[in-house]
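Here is the structure we will look at.
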Amino acid sequence: GIQVEQSPPDLILQEGANSTLRCNFSDSVNNLQWFHQNPWGQLINLFYIPSGTKQNGRLSATTVATERYSLLYISSSQTTDSGVYFCAVDRPETGANNLFFGTGTRLTVIP
Amino acid sequence: DSGVTQTPKHLITATGQRVTLRCSPRSGDLSVYWYQQSLDQGLQFLIQYYNGEERAKGNILERFSAQQFPDLHSELNLSSLELGDSALYFCASSPSGQGEETQYFGPGTRLLVL
Chain A
-4 GIQVEQSPPD
6 LILQEGANST
16 LRCNFSDSVN
26 NLQWFHQNPW
36 GQLINLFYIP
46 SGTKQNGRLS
56 ATTVATERYS
66 LLYISSSQTT
76 DSGVYFCAVD
86 RPETGANNLF
96 FGTGTRLTVI
106 P
Chain B
-11 DSGVTQTPKH
-1 LITATGQRVT
9 LRCSPRSGDL
19 SVYWYQQSLD
29 QGLQFLIQYY
39 NGEERAKGNI
49 LERFSAQQFP
59 DLHSELNLSS
69 LELGDSALYF
79 CASSPSGQGE
89 ETQYFGPGTR
99 LLVL
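So the protein lines, in turn, are chains A and B.
Per the numbering used here, the very first residue in the first sequence carries number -4; after that it's consecutive.
Per the numbering used here, the very first residue in the second sequence carries number -11; after that it's consecutive.
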């Protein structure tokens, strides 16, 4: 099956700092999504980004599909950014769009 | 708010019991997915339905079953529950269930088996 690796596994930041989270995947994909799981367990969609670059406020993401990686940038981090960030991809050969998740990056932002 | 609803939010039950989790997809979405998040297995895909028909199966145990009804809501049935079934169960939906589209996740049902 497709492998999804995220790094770093854990990250501790001072409020206001910037960070970059990485997702490597082992095969070509049709779908790549970034999620934030907040401390209450809710999975929040951040980006649908199988290729290219997108920005939403302090967050931006870039996927280089030919090199099989995606980056999530968080600028001017806030304590509410704490939680686990997941990258998830599909397996195009199945045609079914079910997602395979990485193990996540746990981000802690301290005031 | 993703537009996907799940009930109940929390469920506590005993080993050997059976429970039913319910999901209503976003308006207009025809495909529903079920995922399980446990401490040892992480987030994994269980099963997908499209317009009432099963489309794909993942790591779903034989004790688990699901269906999608004509009004497009879905139910996940978990039977002969074991301690290891304790997990957060997510439902997601998307318009067609194929290729290049976003999946939106519900708030999850937290199941605790005692």
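Think of the CB as a built atom: it goes at the ideal place given N, C-alpha and C, for glycine as much as any other residue.
Predicted model, so just to flag it, every value in this text is computed and none were measured.
Three or more beta-carbon pairs separated by less than 8 Å link the stretch 61 to 75 of chain B to the stretch 8 to 26 of chain B, which places the two stretches in contact.
The Cβ neighbour count for residue 47 of chain A, taken over all protein chains shown within 10 Å, is under 16; the residue is labelled exposed.
Contacts with chain A at 7 Å (Cβ-Cβ) include residue 31 of chain B. Cβ atoms of residue -1 of chain B and residue 102 of chain B stay farther apart than 8 Å, at about 11 Å. Counting the other CB atoms within 10 Å of its CB gives residue 35 of chain A a total below 16, which places it among the exposed residues. Contiguous beta strand (DSSP E) elements confined to the stretch 59 to 95 of chain B occur at 62 to 66 and 75 to 82, taking only those with 3 or more residues. Closer than 7 Å at the C-beta level to chain B, one finds these residues of the stretch 27 to 56 of chain A: 28, 36, 37, 38, 40, 43 and 45. In the structure shown, the three-state DSSP call for residue 62 of chain A is helix. With respect to chain B, the C-beta atom of residue 20 of chain A has no partner C-beta closer than 7 Å. With a minimum length of 3 residues, the unbroken runs of beta strand (DSSP E) contained wholly in the stretch 28 to 55 of chain B fall at 30 to 38 and 41 to 45.
Per the coordinates, the alpha-carbon of residue 54 of chain A lies some 9 Å from the alpha-carbon of residue 42 of chain A. The DSSP-derived three-state label of residue 57 of chain A is strand.
For residue 2 of chain B, there is no enclosing beta strand (DSSP E), since its DSSP letter is neither H nor E.
Going by DSSP, residue 18 of chain B is part of no beta strand (DSSP E) at all; its letter is neither H nor E. Residue 93 of chain A counts as buried, since at least 16 other C-beta atoms from the protein chains shown sit within 10 angstroms of its C-beta. DSSP links residue -3 of chain A through a beta bridge to no other residue. Nearest CB-CB separation between residue 93 of chain B and chain A: below the 7 Å threshold.
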